[in-house]
Every structure is written in C-alpha cells, then in structure tokens.
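Visitor: Which chain is which? The protein sequence lines are A, B, C and D, in order.
Our numbering puts the first residue of the first sequence at 723, with every later residue one more than the last.
Our numbering puts the first residue of the second sequence at 723, with every later residue one more than the last.
Our numbering puts the first residue of the third sequence at 723, with every later residue one more than the last.
Our numbering puts the first residue of the fourth sequence at 723, with every later residue one more than the last.
For each residue, glycine too, the CB sits at the ideal point set by N, CA and C.
Fair warning: this is a prediction, and the values are worked out from it, not measured in the lab.
Number of protein chains: 4
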Amino acid sequence: MSSLGVGLIGTGYMGKCHALAWNAVASVFGDVARPRLVHLAEADAGLAAQRAAALGFARATGDWRALVADPEVDVVSVTTPNSFHPDMAIAVLEAGKHLWCEKPMAPSLADAERMLAAARASGRVAVLGYNYIQNPLIRHMGKLLAEGVLGTVHSVRIEMDEDFMADPEAPFSWKSEAGSGFGALDDFGVHPLSLLAMLFGLPEAVMADLAKPFATRQTADGGRREVETWDIANILLRLPEGVSGTILLSRSAWGRKGRIAVQVFGSRGSLVYDQERMNELALFTREGRPGEEGFRTILAAPAHPPYDRFVAAPGHGLGFNDLKVIEARELIAAIAGQAAHVIDFEQGFAIERAVHAMARSHREGRWVTL
Amino acid sequence: MSSLGVGLIGTGYMGKCHALAWNAVASVFGDVARPRLVHLAEADAGLAAQRAAALGFARATGDWRALVADPEVDVVSVTTPNSFHPDMAIAVLEAGKHLWCEKPMAPSLADAERMLAAARASGRVAVLGYNYIQNPLIRHMGKLLAEGVLGTVHSVRIEMDEDFMADPEAPFSWKSEAGSGFGALDDFGVHPLSLLAMLFGLPEAVMADLAKPFATRQTADGGRREVETWDIANILLRLPEGVSGTILLSRSAWGRKGRIAVQVFGSRGSLVYDQERMNELALFTREGRPGEEGFRTILAAPAHPPYDRFVAAPGHGLGFNDLKVIEARELIAAIAGQAAHVIDFEQGFAIERAVHAMARSHREGRWVTL
Amino acid sequence: MSSLGVGLIGTGYMGKCHALAWNAVASVFGDVARPRLVHLAEADAGLAAQRAAALGFARATGDWRALVADPEVDVVSVTTPNSFHPDMAIAVLEAGKHLWCEKPMAPSLADAERMLAAARASGRVAVLGYNYIQNPLIRHMGKLLAEGVLGTVHSVRIEMDEDFMADPEAPFSWKSEAGSGFGALDDFGVHPLSLLAMLFGLPEAVMADLAKPFATRQTADGGRREVETWDIANILLRLPEGVSGTILLSRSAWGRKGRIAVQVFGSRGSLVYDQERMNELALFTREGRPGEEGFRTILAAPAHPPYDRFVAAPGHGLGFNDLKVIEARELIAAIAGQAAHVIDFEQGFAIERAVHAMARSHREGRWVTL
Amino acid sequence: MSSLGVGLIGTGYMGKCHALAWNAVASVFGDVARPRLVHLAEADAGLAAQRAAALGFARATGDWRALVADPEVDVVSVTTPNSFHPDMAIAVLEAGKHLWCEKPMAPSLADAERMLAAARASGRVAVLGYNYIQNPLIRHMGKLLAEGVLGTVHSVRIEMDEDFMADPEAPFSWKSEAGSGFGALDDFGVHPLSLLAMLFGLPEAVMADLAKPFATRQTADGGRREVETWDIANILLRLPEGVSGTILLSRSAWGRKGRIAVQVFGSRGSLVYDQERMNELALFTREGRPGEEGFRTILAAPAHPPYDRFVAAPGHGLGFNDLKVIEARELIAAIAGQAAHVIDFEQGFAIERAVHAMARSHREGRWVTL
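1) Would you kindly work out how many angstroms separate the C-alpha atoms of Asp-883 (chain A) and Ile-855 (chain B), rounded to a whole number?
2) Quick one: using the 10 Å Cβ neighbour count with 16 as the cut-off for buried, is Glu-1086 (chain C) buried or exposed?
3) Assuming contact is defined by CB atoms lying nearer than 8 Å, are Gly-911 (chain D) and Asp-953 (chain D) in contact in what I supplied?
4) Are the C-beta atoms of Asp-931 (chain C) and some chain D residue less than 8 Å apart?
5) Roughly how far, in whole angstroms, is the beta-carbon of Val-747 (chain A) from the beta-carbon of Val-754 (chain A), given that I think they are within contact range, below 8 Å?
6) Would Tyr-852 (chain C) pass as an interface residue toward chain B - the criterion being a Cβ-Cβ separation below 8 Å?
7) Can you find the residues in the same chain that come closer than 6 Å, C-beta to C-beta, to His-1038 (chain A), ignoring five residues on each side of it along the sequence?
8) Counting only beta-carbon separations shorter than 8 Å, does Ile-954 (chain D) have a partner in chain C?
9) In whole angstroms, what separates the C-alpha of Met-707 (chain D) from that of Ala-782 (chain D)?
10) Quick one: which chain D residues come within Cβ less than 8 Å of Asn-745 (chain A)?
11) Report the residue from A:Phe-1006, A:Arg-1008 and A:Leu-959 whose alpha carbon sits nearest the alpha carbon of Ala-930 (chain B).
12) Kindly list, in the order they appear in chain F, the residues whose Cβ is closer than 7 Å to that of Glu-794 (chain A).
13) Return the residue from the list A:Arg-999, A:Ile-731 and A:Glu-998 that minimises the CA-CA distance to Leu-769 (chain A).
14) Take Thr-801 (chain B) as the anchor and find which of B:Asp-785, B:Pro-826 and B:Pro-793 has the nearest alpha-carbon.
15) What in chain D is Cβ-close to Ala-1023 (chain B), meaning under 9 Å?
16) Quick one: which chain C residues come within Cβ less than 8 Å of Ile-1020 (chain A)?
17) Do you know how far the Cα of His-876 (chain B) is from the Cα of Leu-961 (chain B)?
18) Based on DSSP bridge pairs, tell me the residues matched to Leu-877 (chain A).
19) With 7 Å as the limit, tell me which residues of the stretch 871-904 of chain C have their beta carbon closer than that to any beta carbon of chain D; keep them in chain order.
20) Can you tell me where the beta strand (DSSP E) holding Ser-799 (chain D) begins and where it ends?
21) Which residue or residues does DSSP assign as beta-bridge partners of Thr-1091 (chain A)?
22) In terms of residues, what are the limits of the alpha helix (DSSP H) holding Glu-764 (chain B)?
23) Where Ser-916 (chain B) and Pro-925 (chain B) are concerned, what is the direct C-alpha to C-alpha distance, given to the nearest angstrom?
24) Compare the beta carbon distance of Ile-969 (chain D) and Pro-914 (chain D) with 8 Å and say whether it is the shorter of the two.
25) In chain order, which beta strand (DSSP E) runs of at least 3 residues are fully inside the stretch 1007-1088 of chain D?
26) When DSSP labels each residue in this structure, what does Asp-883 (chain C) get in the three-state scheme?
27) Closer than 8 Å, CB to CB, is Ala-765 (chain C) near chain B or not?
28) Can you tell me which of the three DSSP states Ser-972 (chain A) falls into?
29) Using 8 Å as the cut-off, can you tell me whether the stretch 844-863 of chain A makes contact with the stretch 930-950 of chain A, which would need three or more C-beta pairs spanning the two stretches below that distance?
30) Since Leu-742 (chain A) meets chain C, which of its residues come closer than 9 Å, beta carbon to beta carbon?
31) Report, in whole angstroms, the separation of the C-beta atoms of Ala-1079 (chain D) and Ser-966 (chain C), which I expect to be a contact under 8 Å.
32) Please name the residue or residues paired with Gln-940 (chain C) in a DSSP beta bridge.
33) Nearest to Ala-1023 (chain A) by CA position, among D:Ala-743, D:Ile-880 and D:Lys-979, is which residue?
34) Based on DSSP bridge pairs, tell me the residues matched to Ala-955 (chain B).
35) For chain D, check one thing: does any of its Cβ atoms lie closer than 8 Å to the Cβ of His-820 (chain A)?
36) Quick check: the stretch 805-821 of chain B against the stretch 786-802 of chain C, are there 3 or more CB pairs under 8 Å?
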C-alpha cells in the first residue's frame, strides 16, 4: 500500500494524540508505509500554522473544508467537540476520504444516524476513536474469553470514574448544559459499551438510574444555575446469551482519575482489570490445589501482541498514547481491506443507540429493550 | 452488672464464632463481667455434650427448649439455619431472655414480623449478628462521614462476592431451592444493607435485577434439576437525602472469597474499603497541592477504637473473629441499657423488608418504594 | 492430658496477648484440655488483682516468685521487659515448670546462655514467643518450600519496618540507651531470623551495617542526649546450602506499622509476603503459557491449617492475636511430648548469637562467621 | 536552534527506542525543532536499509564509520552491545558530534575512562541513556525531596529485579561469561546508582555480596559450563550526609519483570515507588490525626511535568518508551546549552567506578571507599 496522506481537524487533547499516533505508527510497527502528515485545520489560520509546525504537518488552514478538499489527503482525523462531528464527518466521507472520528459520534441520535448513512454511502472506512479496546491486555482478555479460559461467562461489571466534575465549587460549565448530552452517560458510557461490543456484544435490554450529585452550580455573575446533566449513571444490563451486567459511571468520583474497572465472571474463572493500572490483568482460574488458588497478576508483555512492537521486555509498560498508535495501525489495516480490530460506524451507532435507550429507561423508570 | 449466663443453640461456623466471642469478650475489654457459658444445645445430646466440652459450656442438651427454660441462662445465641430462627427466637424472648440471633431473621417476611413482635412484647434486647459493622475501620468510616470529612455524600456502591456457588459441576443443594430464599439477595444482600443502615439509612426505593448463572445443576441420581434461586443480584438504590446507590452481589464470583467492596463518594472526598483487606481503609480528600493528591491507605490502628483493646500497636491486624467479640461487647452494653452499636430487630426487620422489596422489583421490572 | 495450670507474669501488650491466647486455645482447637488461668503477677498486688479480674485469672500477686512457687501452676508465661527475663525464666525452669518466654531472651548473650543452660538442666519445655512463624500462610510457605514448588531456593530477602522511633522530636527514651541492646537488631532482627530458622536455617555468615537516623534526641530538661542504639540495620547473609540473603530493618520508617516483607526466589518460582497483609501470600511459578504468568495472590483459607480452626470460610482473615493462639496450641503439644512448630531455647539462643554476630560484623567492618 | 541531524547505530531493543524518541520528541514537546533522521547503521548494508525504511531514516549503511563521517549528522545514538561502545563513542566525539550512548559505558573501567577523556576533549554533549530518571514521578520525587517534604532523609533502599536469567535450564549465554562484566552489578546496578546520583549523590563507601544462583549452565554440546558472572548482588551503601542505603539486585527473580522498587525514609515522611507501576508514587507524611495517616498513592498527572506534554488528563499513564522521549528532549536542551536533567559522561563514569568498587568490596570482603 502506498503512503496515506493525513488530514487532522482539531488539535486539543485528542487532536495531539492523533498527531502523535500518525507520526509514530510506521516506526513502531515497521510494516506499514509511513503516513504523510499533509494538512492540519484549526479554528483560525494562525493557530493552525503554529500547531502544524509543532506537530509536523506540511500545510495548515483555518478552514477545515479546505483540508477536506485537499487531494493529497486520503484520511481525516476529526477531533473537534462532538457537536462539530456530523458536518465534518459527512463532508469527509462525501469527499471520498477515509475517516477517523473521535467518539461519541454526535450529541443527537439523528445526527449519528446521518453520519452512519454517509459512511454506508461512501464505501470508505469510517472508524471511531475507541482506544481502550486497543490495550494489548484488553485484547488478551478477548483471546482468553474466546479460548474459553473462563468457561461460560455469566456476568460482567464495568465501572468508569473520574473526578473532573467532583468539585461542587467549580463554576457552571457547558458540561452541565443539556445541549452537551446526558452527562456521564455519553462522556463515559460509550467506553464500557465499546468494551462490551468487543468482548460480549451490546446489551439487549437496559435499565438506568441517573443522578445529579449537585443540583446547582455557581455562575460567573455570582448566581447559581440548575445543572441539566447527570454526572452519575448506574445501569443494569441484559447482555446476549443470558449474561448479566452492570455499568456504573461517575464524573464526580473524587480521587478517580482514569478508572475503568472491569470484572468478568465465568463458570471456570474470572478476569479483573483497571485502566488506572493498564499494564496489569488479573486472572483467576480453578487450579489443582485449593491452597494455591488466587488471582494472578499478569504484567503486560511481548506475549500480548502488539506490546512486542513497542517494548521487547515484559513488564516495562505501555502508556495511554500507545493505545492510539495501535488504533492507527488498525485503521490502516482497515483501509487496506484487512481484518481490523476497530469500532466502525455500524457498531458506533449501535453504541449510541444503547446510550439513548439508557436515558429513556431512566426517564420511564423501566427496562428498555434494544 | 453481674455476670451474664449464656446459652448457645447451634455450633456450626457461626455457633463456634459466638462461643469464641463469649469466651473472649471480658478479657479483651476488661470492663465487663465475664459471661458464664452455661448451656449449649445441639441436634442431639451426644453432639451437644461433645461441643460443650470443646467450647467450654457447663451443660449440654439435645433439646433446645430445655436450654431456653434454664433459669441460669440470661441471653441466648441462636446460630442455627434460618428456618429455625422464628421458633427459637420467639421462645427465647417469651422466656424473658435476651437474644443474639444470626442474620437474616427468617426466610419469610411474615415470620420476621412475628419475631419483631415478640421482641417488642418482651422488652428484652434482641440483636442480629451483623458483624461487619463492628470493624473498627467501618466504624471509623462512620466517624469520618459524621464529621463531614467527605462533605456531602452523593453516591455509594457496595459489592459483595464469594465463590461458593461458582462451580457449575457442584451438586444441587438446598441453596438452590426456593425454600432457602432468593439466593444472593438474602445470603449477601443483608450485609450491604446493614452497612447502609449504619452509615446512610436504608434505601427509599429499589430496582433489582436477579440472575441465575446456571439454569440447572446436577442431582444425586445423575439427572439435572432446575435452579430456583438467584446467585447474582444487581440493585439500583435511592437512599435518603438524594444519595444514589448500587449493590452488586454474587455467590458465583470465582476467586472472590469474602469481598465486600464499599465505595463512598462525597463533595469533598471518597472512601474505599474491601473486607478481603479488612485492616485497610482508603481515604481521598482534596489536598492543597494537586501533585500530591491520592488515596491514602490507612492501616487499622489503636486510633480506631476498639482496635486498641485487641492490639497496642498499629498495623498488626484484627481478624474476622475479632469482629464478633466487638459485637458481643456491644450486646452486653445494650443489655446494660447503654447506647450500643448494633442492628436490633427493628432495623433488622427493615433490612429484610428491603430485601423483599428488591425481589419484588425484579419480578415486576420496576422501582419499588419502601 | 489433664488441664494445664497457667501462670502469667506481666500484663502489658504481650501479657494480655498471652492471656487471650490461653483463654481461647481450647475453644478454638477443641482437642486440648482447657488451661486453668491460675495465677497472675504484676508489679504490685493492686495492679495484679485488677488485671487478674480483667483477664480471668484466679489468683493475683505482686511477687512473681510466689507465682513461680504456686504448685497449681504448670506453665508460666513471662512477658516482662527483656532485662527481667533471665531471673524469671531461670526461676521458672528451676521450679520445674514449663516456660513460655517472650523474645528476645535477654539483652546480654551471657544471660541468654544461662537461660539455655537452665532449660537444658530442667528437662522442661521452654519456648520463645515467636508468633509470626505461626501464621498459617507462613506455614504454608514452609510446606511449598518443602515440596519443592519453588525448586531450589537461591535467595531470600526480609525487611522489617515500623515507625515508632521515626519522630526526631520524640523525647529520648530507654530504647535509645545502650542498655536496651543494639536497637533494631534485637527489637526486629530476631523476627526475620525466626522465619529463616523455620524455613532455611540460620545464617552461616553475616555482615551488618547499623545506622542512627538521629544522632541525638531531646531530654526532659530541654537538653539533647546522644543516641546509643541503631534504629536501622542492614545485613548481608550467607545461609545454608549457598542461599544468599539480606535482612533490612528500621524502627524509623515513617508509615510502616508492622511490615515484615519476605521475598523468596528459587529455580522454579518465587514467594512474596508482607505481614501488613498477613492474610495474603503471593506465589509465582512457571506456568505453561507466558501470556498468563503472574504472581498469584492466595488468600488465607481453610486449606492452610490451622486457619480452619478459626474460620470455616476462606478469605475471612485471621488477626495478629490469633497467631498467639496457634502458638499456645503448639506449646501445649510440646508439653505433651508431641512434635511442635516452635522456637525453643536451643534455636532461640542460636538466633541471639546471630544478632550478636551481626553487631560484631558492624563494629569490625567485615563478615563474621557463625 | 536549527534542526538536529540524527545518526543511529544499532537497531535492537534500545535502538528502536531511540528511533521512536527522535521521531516523537518534537510533536510531544512542540518547542524544539524536529530532528532529521539522517543516517542509520547496522551490521550489514541490507539490514541497515531495511531498518532505515522501517524507522524512517533517510540513509543507511553497513559501516558505522560512514555514519560518523556524514556531515549532516549532528548527534549520534549508540545503542550497540557494550563492548562496541568505546570505539564508537570515541569516534563520534572525535568527529565533533554530540553523543547519546546507551548505558553502561563499557565493560572495562579503563575503556570508560578513555570515553570520558574523549568527551572532555571534544567539548560536545555526551549523555548516557539512563531513562528511569526521566519518569515524571521520579522527578517529582526529587522535587519533594528538594522541598524537604520528607524532612532529612536518613535511609534509602533500592531493589532491581527481573527474571531473564531465572531459568536454570536455559542454555549458557554470553551473559554468563566474565567478558560481559560482573552480571547483575553492571546490568542492573547502574540504574539504582543513576537514581541515587540524581536524588542523593553517589555512595561514599560500598560493601557488596555477589552470588550465583546456578553454578553451571548447559552448553550446546550437552555439557555444562561454569557460570562466571553473578546474577545476584546485594550491596550496603554509605551515602553522602550520613544517609544509609542498600541496593539489592537479581536477574534471576522469577516473576519480576521490570521491578525497580525504591523506598526513601526521612525525618518527616517516606516515599515508595516501583517501576512495574511506573505511574504511581506513594507518599507518607505525618498528618494531623493519627487515625487518618497512611501512604497516599499519587497517580501520574499533568501536575508532574512533563507528563502534561503527553496527556492532558491525570491518571491516564505514560509508558516506558515515553521516558526515552523525555530523555531526548533533555539531550536537545543540553545541546542547546540549557540546563538539562541527564547523566553525562562525568556522572556516568562515577557510576561505573562505583560498580567496580562494589565488585572489589565483594572480592575483598570489606568496605571499599570511593
């Protein structure tokens, strides 16, 4: 495959992460053509030029449509706030480019559906930025499950917690406006759903309870404004093949910084994982002697591909950004028509539909079937 | 207060635990009269005599009613299977004795209600064996909450997991019969509820999802029998003062041996506890400098009374049986008319009512208000 | 065996621990006669009477020699400060009683040697209070080693740390006087040596480096006095059969409360233990697949006798005081002429000789052979 | 500063790591000119060409001297086996290029000294690849120590363990030949010494005990050959300002994959770190209330620069390779004449001298002063 020309729209937290991944992927993997960093778009031309220099892109623009129109651009990373995704994603796909769009797709389900339609119509690769599924240990979890190491899985619990909304004295922000979505449900809920999609399939029925830890937050003028989103979401799940599940989410969990705690229980063993210790996976299987049973802490190692592409020695640890490099590699594989471990727009839309079903189950106080 | 005469009915796992506690409580605390181990009842006279010798009781009987009638007995420990509790508890109370009854009260709510009525009528102390609330670190958690160290609490999660039902090849047992109750809900559910009762109050509304990891289990004759109880229970909770909560329970969680994982989140901090590491409590509070924030692992110490009555040095660890000694001390205080940290029959009945509400919410697929 | 009559000299931290153990041992184990708590001695008669009542002893005295002379006393617990051990221990043994003496034997090696001679001459059981070796998980470690689960062991590391001397502002105390011994070396050093004695044999050569974290400490009169003992000791060891070892000790390690961290490495696996988590043992053995290798965290369970005598369920945890109950059981076995898992005066003296060799190696800056 | 032209000699484990770092550093930091990957040398021209393509270097050669002579090359990464370092490093420096050389400098102290002389004579920047010192949490440890958060430090312990030599059945390799050095002492010993150099200064006196877990290993012809290096090294240290220290090393510690466990104790607190959990740092300081004291687990965060250059959110984790990117940034700063956090050849030589002193102290069985 010849080298891909890359366009990047947005250079915030995730934009930089995409840029680093595009820059590293060829050297890490060694078996793909080195992507060309062709064009970068930011809110204005000055910022774009500055960021293009910093991130190594050849051209810069303050008009993202110019980037989409650039014939040297083969694939576009969209890393802007969610509300911009629909227009940008559809434009990229209609221009016949491949698309790497950050999650979630869009605040409204209707917009997400339009994006999905555009992806289908384009015949191009359209992938969402669900990086946690790329962790070699999460992939290894999938391998162990596929091999039946846990026997038949019967229950799954996932928690996702951070504390960026935990301070009741922090000023009212757009995160507390209804326009930003439901709150923890779309900020975080999509990540556990991406893991479920990979490991077990998406839920068939959901029952959620959303909560607001703080009813109001202070505004710039010294007043208080009612909070419209839910920083907490607890969801009961019925997964395919009778698997029972739960997802517990909080954006207001003091001390949690990047916790995604997964517990999987089967007829022959259990698996436990926490993203805050992303280089460890705990496995329990029934051993011969009861006196020597216990959870085994597996450290990430070359035996968990593609860890080996990053580090030759076990236990030396990958980082968050490395996951995005793996994701870039999978995207390149998908573009090359190979099997790839990604969340495409089909699955991505199913995830967003599940999120909306959760919100409805909360409003209606009953199970919602998908 | 003069010395209490103790009767013990049942000498299984918890019966022995009661005996050890009655035997140790005076020496550990040093400020109560040494209980006299007067009478022990078991299924037959032979076994009773043997267990009385082993556990240091003066008299033995195969007829528990004889023990209840013994005028030297002031307080009776009832540690038999749940289905025996109603008759025994009511007899003890009607005989004018104090009662220490293992939890839960009874398989049926009607029986539990009769027991409560008997307790009210007797004017005697009737206490349930909820030992986890006695852990000095759980008490310290309560102290920290009362002092407002976490600010206003807004969410609580409790998990309780063991693996004694995790093996699908294990033979069908009474634990899988409907007569034994709902399964994880009453085996385990009552413990998280006892912690909630102590720390936050019991739930105002519940929504449960129960699950059977294994539809059938094998019978002695080589056939298979349908399982009638639920080894898994996931419950959404609405607690007093707007606190959001969850309880997740499993008797089929391979590798979990005595996990009771508690997470409490408030406006100023968080508390995390796991019974499998019962001598540790993790506390997060907002510190001055962001670079030094983190969960602090507090080791049990004399600063957490009554740890100091057991060990003079910090970090040396209490054990499960020590919790029962503390419970005995609290019971003696209650009998002496002092304030005591116990779950009495009023609270115990409220706990069992909550369990039955959970079961109903599962059957009806909707929230049930208490 | 008929019931033992017990005398207890000293009722401080360890004295109470002995009393609790004597009180509990029969009920916990169920297969030994219930010891009779006959006589208790304290510094004066008033205190003795009060403590005898609190701890359940029949008689009390302010004169420990009266206790030793009591014909109903068969075995004496000596739990006074070390400097009292020689006189008391020798008197007990000369009176033909069995002896349970707290460790270490005596500040001076000459005194320890006299105690050993008295034990030999008496023909009585003389046991030292090395309770950590009684932890069911430490015993299980011994079993795994004996079975060759680790293959041939080639190295061992033990750390023991607390922080009771960590505060440089704390007033000068007897712990900093030369008369109290060497410091960390005898306070703590004897414990790792007791573990080594049980698991591998005592060292054949030692090389120590002692250190004083604080050169002076403040005195009551506002002055400062030079510290004469070493709160820190680091020791290189050569153990039998070519095993390489280290012992690192500190009484001034802020945050460590009861840490005894053991690491054992062999040709086929490793074992890791920390007394602050005394109900956990981590075992690594070479497994079939490199991707599933890891340290397995084994929770204390009935499969680790005599845990089963305390609790019927796994993962529920023993406490520090339970170790002393096991020690009492072993002592009773020894008195009955059965094989027992104890440190007797022969081994205890060898331990103290090793401590003195360590001190000499520090003074002389060279290896000392034992 | 204009862009640096980079040459890379060697593309094994560390060679690739250098390539990834050179490739990423400008995008991660955004404030340095993007290095040009000019020239790559490998053992033969074919391999060199292949690796240059994979790693993004413009030119390739089978003759490293051609790379050194390339006028477009400003700085050379030397990542070949240690025995090649002296010739290559001296050639690079004599050619007036800057040098980034993997550690340790050379098997023989005489060679290391020649390398140091060449660096001094060249006036160029010559830096060693001690990447662990670049971890933002290790740097934060340095900051906390400098601020006196621990008070006066009095003791330090460092362990470094892996298991790549743990298997006694593995065939005899060059790692067991005397020509490769002392064994664990130079493989691992230099890393703890680099940490000490940064945090406390290098030891003033050392006393080591080296050990061979396996006396012989099997050879290809089915025989056995005597092992000439020591897989285990235990070292007592006397550090500047009276700090007491230990370094314990093993290449044969089953289950340890990248453990570098650091414990620092001071008059007001303690710090604990383990490289296997490189995104966590545990800090104990004396708090107000004894009941709330404990080690605080700090997760790596933007508050620990330059973590913020990689990830904007706390607790998301850096990886091993990210440390090398930071090292590259420091090297670029050094070349620009700015203050830089690196181990240069002066300090690097002092580290190697300490290693040789340790070996001598083992041979002579006594302390060796530096």
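Guide: For this structure:
1) If you take the alpha carbons of Asp-883 (chain A) and Ile-855 (chain B), they lie about 27 Å apart.
2) Glu-1086 (chain C) is exposed by the Cβ-count criterion.
3) Between Gly-911 (chain D) and Asp-953 (chain D), the CB-CB gap reaches or exceeds 8 Å.
4) Chain D contact via Cβ: present.
5) Contact flag correct, Cβ pair sits at about 7 Å.
6) Chain B contact via Cβ: absent.
7) Once the five neighbours on either side are set aside, His-1038 (chain A) has no close Cβ partner at all.
8) Output row for Ile-954 (chain D): interface = yes.
9) The shown model of chain D, from 723 to 1092, leaves out residue 707 (chain D), and the question about it has no answer.
10) Under a criterion of Cβ atoms nearer than 8 Å, the residues of chain D adjacent to Asn-745 (chain A) are, in order, Asn-745, Ala-746 and Ser-749.
11) The candidate whose alpha carbon is nearest that of Ala-930 (chain B) is A:Leu-959.
12) Checking the listed chains, one finds no chain F in this structure; the protein chains it contains are A, B, C and D.
13) For Leu-769 (chain A), the closest C-alpha among the options A:Arg-999, A:Ile-731 and A:Glu-998 is that of A:Ile-731.
14) The shortest Cα separation from Thr-801 (chain B) among B:Asp-785, B:Pro-826 and B:Pro-793 belongs to B:Pro-826.
15) By Cβ distance, chain D contributes Pro-1012, Gly-1013 and Glu-1015.
16) Below the 8 Å Cβ cutoff, chain C contributes Gly-1013, Glu-1014, Glu-1015 and Gly-1016 as neighbours of Ile-1020 (chain A), in chain order.
17) Computed Cα separation, rounded: 9 Å.
18) Checking the sequence shown, residue 877 (chain A) turns out to be Ser, not Leu. Ser-877 (chain A) pairs with A:Ser-966 and A:Phe-987.
19) Under the 7 Å Cβ criterion, the stretch 871-904 of chain C contributes His-876, Ser-877, Arg-879 and Pro-890.
20) Where Ser-799 (chain D) is concerned, the enclosing beta strand (DSSP E) starts and stops at 797-800.
21) Answer is A:Ala-927, bridged to Thr-1091 (chain A).
22) Unbroken run through Glu-764 (chain B): none, as it is neither H nor E.
23) Within the model, the alpha-carbon separation for Ser-916 (chain B) versus Pro-925 (chain B) is close to 11 Å.
24) Taking 8 Å as the Cβ cut-off, Ile-969 (chain D) and Pro-914 (chain D) qualify as a contacting pair.
25) Here the runs fully enclosed are 1017-1021.
26) It is a strand residue.
27) Not closer than 8 Å to any Cβ of chain B, the Cβ of Ala-765 (chain C) fails to qualify, so no.
28) The DSSP-derived three-state label of Ser-972 (chain A) is strand.
29) In this structure the stretch 844-863 of chain A does not touch the stretch 930-950 of chain A; the number of beta carbon pairs closer than 8 Å is below three.
30) Simply none; closest approach about 27 Å.
31) At roughly 20 Å, the Cβ-Cβ gap does not stay under 8 Å, so Ala-1079 (chain D) and Ser-966 (chain C) are not in contact.
32) Gln-940 (chain C) has C:Arg-946 as its beta-bridge partners, per DSSP.
33) Measuring from the Cα of Ala-1023 (chain A), the nearest candidate turns out to be D:Lys-979.
34) Per DSSP, B:Leu-932 and B:Leu-971.
35) Not closer than 8 Å to any Cβ of chain D, the Cβ of His-820 (chain A) fails to qualify, so no.
36) Touching, no.
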